[in-house]
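Numbering that gives the first Met the number 0 puts the sequence shown at residues 0 to 165.
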Amino acid sequence: MKKNLYLYLFIFALLINVFTYMYFTQTLKHEGERIVKVQEKVKKTRDSLTADTDKRRVSDYFTIENDANARDYFKGQDIDAIAIKVRDGIYAQNANTKGNPLVQYPAMDNRPFTVSKIKILNHRWIIVDFSNGLRWGEALLKYFVEDDGKITYETVDTTLFNFVPY
């Protein structure tokens with residue numbers, strides 16, 4: 000009887016060891032697969048981030064903040080302050096009851112055109128987006144910073160997009 004007990008204990012221990020071995024083998028295999036999947040996701044995310052960073056770097060090339068020649072032109076002056084002053088000057092002209100004069104379009108549908116977005120490209124050029132709520136367009140402007148700090152604007156060209164009623 001003692002012999003049978005040892006035999007049953009031996010078989011029981013053997014089964015426990017086999018099940019434990021199988022469990023940890025499968026767990027290790029699944030963890031390895033999960034790690035590979037996570038590493039692939041991380042690689043894709045890094046590649047996507049790198050691509051987005053490159054796209055942004057290319058699109059930000061045409062900004063006064065990243066244009067070395069524009070910075071050299073305003074050497075010794077605070078470029079950020081100039082950019083704010085330029086933007087504020089354009090937005091201030093929106094207060095005109097006939098619309099922003101830089102747009103050069105008369106009020107249409109009894110609504111004056113006002114500038115809604117501004118991008119300062121360099122030390123001389125600005126692109127603006129304008130709208131009257133129904134119609135919209137874009138304009139290319141020149142700006143000049145005078146010696147006394149006054150900023151003057153000159154409209155180079157404007158475009159009004161086709162109007163499609165709702």
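C-beta atoms are modelled at their ideal positions from N, C-alpha and C, and glycine is treated no differently.
Q) Once you ignore the five residues that flank alanine 106 on each side, which residues in its own chain have a CB closer than 8 Å to its CB? A) Lys97, Gly98, Phe112, Asn131
Q: Examine the Cβ distances between the segment 87–94 and the segment 62–71 and report whether three or more of them are shorter than 8 Å.
A: no
Q | Those residues which DSSP pairs with valine 85 across a bridge | A | The partner list for valine 85 (beta bridge, DSSP) is empty, contrary to what the question assumes.
Q | For leucine 101, three-class secondary structure by DSSP | A | coil
Q) For phenylalanine 73, does the three-state DSSP call read helix, strand or coil? A) coil
Q) Run through DSSP, which three-state label would valine 163 get? A) coil
Q. Under a Cβ-count criterion, where at least 16 other Cβ atoms within 10 Å of its own Cβ denotes burial, should leucine 27 be classed as buried or exposed?
A. exposed
Q. According to DSSP, is leucine 27 helix, strand or coil?
A. helix
Q: Could you check the C-alpha separation between valine 37 and histidine 29 for me, to the nearest Å?
A: 12 Å
Q. Do isoleucine 44 and leucine 101 have their C-beta atoms within less than 8 Å of each other?
A. Residue 44 is actually threonine in this sequence, not isoleucine. Cβ atoms of threonine 44 and leucine 101: not closer than 8 Å.
Q) The beta strand (DSSP E) spanning leucine 140 covers which residue range? A) 135–144
**Q.** Local conformation of lysine 149 per DSSP, three classes
**A.** coil
Q: Counting only the same chain and skipping the five closest in sequence on each side, list residues whose C-beta sits under 6 Å from that of aspartate 59.
A: Asn65
Q.
By the DSSP assignment, the beta strand (DSSP E) with phenylalanine 129 in it spans what residues?
A. 124–130
Q.
Measuring straight from C-alpha to C-alpha, what distance separates glycine 136 and alanine 82?
A. 22 Å
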